[in-house]
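Notes follow once the structure below has been shown.
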Amino acid sequence: MPNFKVASRTPDELSAHKAELDAMFEKVKGTKGRLNTAGVKEIESSRYEIAELVIQLISDQATVSDPSAFFVDSVQGDIRDSYVWQELHPDAALRVVNRALGSKPLAQRLFFKEFGMSTSQKEIAVAIPLEDVAAGRITPSLVVERMAAAINRHRVSMILGAIDSAVTAVADQTGLSGYVLRYAGFTDANLTKAIDGLQDNSETPTIFGRHIFMAPLIRAFSGYSDETKREFETRGVIGTFRGAPIVTLTDEYSRADAGHVIPNDRAYIAGGKKGAIHMQKDVSFLNYSLVDARTATFETGLRMEEGVLVWKPYAYRMITAS
Amino acid sequence: MAITVLNWYDADRRTAVADEAMALGDVVKVVVAASDGQRHVTKLGDTDDALAVAGNVGVVFKVAGTDDSVQSSTASAKTGDRTVTIAANDLVVLLRGGAIIEYNISELDASLSAPTVGQTLGVSGSKFATVAAATSAGIVSPVIGRVYAVNGTKCAIEIVL
């Protein structure tokens, strides 16, 4: 089962706490459209509590809608450290050899290869004019939701982009001709080979992609069934193909970004065992919030340091439109 | 190189000092008249025929002294170089006659792409090569190594000199 991160709040608690956040900023609205300076001062004196709530809501909002658990193992790192991953070198595979009675041994040796992980720092900052809040034009909960959505879009894009780059059209590990990691053409035959290639490695594959890429074609495939698995329903399962769940990645058209974040011309297939690592280093000490009564501004910023390492492309398959 | 000494217990493996950067598995010679009394080695050059005598040539190997040393790495520069390499002045293991060393065929000279058991080898560019390739640039006499066994993509070579 994918290792989903657990939000510290349930969806109902999230809604309640966002309403509380909005209520805090309601205080700045005075009578007849004027700014309530006492309300501003009260916010200013509570700015640390407000900031912490904003940051927690952002984190929890992102966790609730984050599907990256299907693709990567998430690990936490320290900004002071550099990281490498080691595994036994394939050339060090031990083998059993013939032995004549009385002969001395031909000894073998174990040695290792390693992969490096590079991370980079990102930030997202939003400033809210207190006048916009007083006029009811912007609510803090709206800001929280949009920041969380932006963080999620960034992470999904980063993870899918890393897998897309790492999974090339090389032979998979079945040893059979015609079975590769990346197929051109979303056909019954290609999808079957992709699934079979993963299942041959004792994997439990799941098929991911945009609804518009998969649904129109996959309904005509002979292995398709529209039975959904209940535990995945909230995350967009639209059916199964030869036993593998088909999950449409949640990706609402964004007017602000004038598009989707997930490509509409490819599907991603991942097994139960991950071949990629998403590292997040804790830079939460760089997060900030401030209320400046002089400029009538509430500003909050979130910093993140993260990176993705696809160390085993064989755990994935890609199918593109052509 | 990811080489393995198949007869590790029995092989003649002695301490030497590398006088230049070299790779694990390179064919080397003992330098004449080193000043500190230790055995120093450099890579066997294509015109070092006169120095290719029994006891004076061998294959260089190095055992990693730290628990993080690896054979290959894609780590970023800031993690430092963690691969097992041989630099000038490193203490290395000199493997002499009788040692059986297993290489990846891809790590040998390009001419030696399809070795056969018992095949006589030359040395070109301090790597084991076919006699034909070593004749044009390298050492074919005396014979330093012979193919001992072939196992898939690996080739075991015995130092016979």
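Protein chains in written order, with the working numbering: chain U, 761 to 1082; chain R, 8 to 168.
Cβ coordinates follow ideal geometry from the N, Cα and C atoms, glycine included.
**OP:** Report yes if the CB atom of VAL35 (chain R) is closer than 9 Å to the CB atom of VAL66 (chain R), and no otherwise.
**Re:** yes
Original post:
So does the segment 907–916 of chain U actually touch the segment 936–944 of chain U, counting three or more Cβ pairs closer than 8 Å?
Top reply: With a cut-off of 8 Å, the segment 936–944 of chain U and the segment 907–916 of chain U do not count as touching, because too few Cβ pairs lie within range.
Original post:
So with Cβ pairs under 9 Å, would you call ASP17 (chain R) a contact of chain U?
Top reply: yes
Subject >> Contact set between THR86 (chain R) and chain U, taken where Cβ atoms lie within less than 7 Å >> reply: SER842, VAL844, GLY876
Original post:
Applying the criterion that 16 or more other CB atoms from any shown protein chain within 10 Å of the CB defines a buried residue, is LEU98 (chain R) buried or exposed?
Top reply: Counting other Cβ atoms within 10 Å of its Cβ, LEU98 (chain R) stays below 16 and is therefore classed as exposed.
Original post:
Taking 9 Å as the CB-CB limit, is PRO762 (chain U) close to chain R?
Top reply: Because PRO762 (chain U) sits at a pLDDT of 49, beneath the cut-off of 50, its placement in the model cannot be relied upon, and the point is left open.
Original post:
If you run the structure through DSSP and keep just helix, strand and coil, what is THR899 (chain U)?
Top reply: coil
**OP:** Go ahead and pull the three-state DSSP assignment for GLN45 (chain R).
**Re:** In the three-state scheme derived from DSSP, where H, G and I count as helix and E and B as strand, GLN45 (chain R) is classed as coil.
**OP:** Quick one: which residues of the segment 99–115 of chain R get their C-beta closer than 9 Å to a C-beta of chain U? List them in chain order.
**Re:** ILE107, GLU109, ASN111
**OP:** Would you mind telling me which residues of chain U sit closer than 7 Å to SER42 (chain R), beta carbon to beta carbon, in chain order?
**Re:** Within 7 Å Cβ-Cβ: nothing; SER42 (chain R) doesn't reach chain U, min ~34 Å.
Subject >> Partners in chain R for GLY869 (chain U), counting only beta-carbon separations shorter than 7 Å >> reply: The amino acid at residue 869 (chain U) is misidentified as Gly; the sequence shows Arg. Ordered by position in chain R, the residues that pass the 7 Å Cβ test against ARG869 (chain U) are THR11.
Original post:
By how many angstroms is the C-alpha of ALA931 (chain U) removed from the C-alpha of SER937 (chain U)?
Top reply: 8 Å
Subject >> Cβ-Cβ separation, ILE112 (chain R) to ALA163 (chain R) (assumed contact under 8 Å), whole Å >> reply: Wrong, their Cβ atoms sit about 11 Å apart, outside the cutoff.
**OP:** Using beta-carbon positions only, say whether SER79 (chain R) and LYS864 (chain U) come within less than 9 Å of one another.
**Re:** no
**OP:** Determine the contact status of ILE919 (chain U) and SER1014 (chain U), defining contact as a CB-CB distance below 9 Å.
**Re:** no
Subject >> Outcome for ALA909 (chain U) when other beta-carbon atoms lying within 10 angstroms are tallied against a minimum of 16 >> reply: buried
Subject >> VAL857 (chain U) at chain R interface by Cβ criterion, 9 Å >> reply: yes
Original post:
Straight-line CA distance for THR81 (chain R) to VAL1051 (chain U)?
Top reply: Roughly 45 Å separates the two Cα atoms.
Original post:
With a CB to CB cut of under 6 Å and the five nearest residues on each side skipped, what residues in its chain are close to GLN45 (chain R)?
Top reply: VAL24
Original post:
Three-state secondary structure (DSSP) at SER985 (chain U)?
Top reply: Three-state DSSP puts SER985 (chain U) in a strand.
Original post:
Exposed or buried, which one is VAL12 (chain R) when buried takes at least 16 other CB atoms within 10 Å?
Top reply: buried
Subject >> Same chain, Cβ closer than 7 Å to ASP88 (chain R), neighbours up to 5 away in sequence not counted >> reply: none
**OP:** Could you list the residues in the segment 53–83 of chain R with a C-beta less than 9 Å from some C-beta on chain U, going in chain order?
**Re:** ALA71, ASP75, SER76, VAL77, GLN78, SER79, SER80, THR81, ALA82, SER83
Original post:
Which value, in whole angstroms, describes the spacing of the CA atoms of THR928 (chain U) and LYS1072 (chain U)?
Top reply: Each residue's Cα considered, the two are about 12 Å apart.
**OP:** State the DSSP-derived secondary structure class of GLY999 (chain U), mapped to helix, strand or coil.
**Re:** strand
Original post:
Applying a beta-carbon distance threshold of less than 8 Å, which residues of chain R neighbour LYS864 (chain U)?
Top reply: ASN14, TYR16, ASP17
**OP:** Consider the Cβ of ALA1075 (chain U): report whether some Cβ of chain R lies at a distance smaller than 9 Å.
**Re:** no
**OP:** Pull up the distance between the alpha-carbon of ARG20 (chain R) and that of VAL100 (chain R), whole angstroms please.
**Re:** 6 Å
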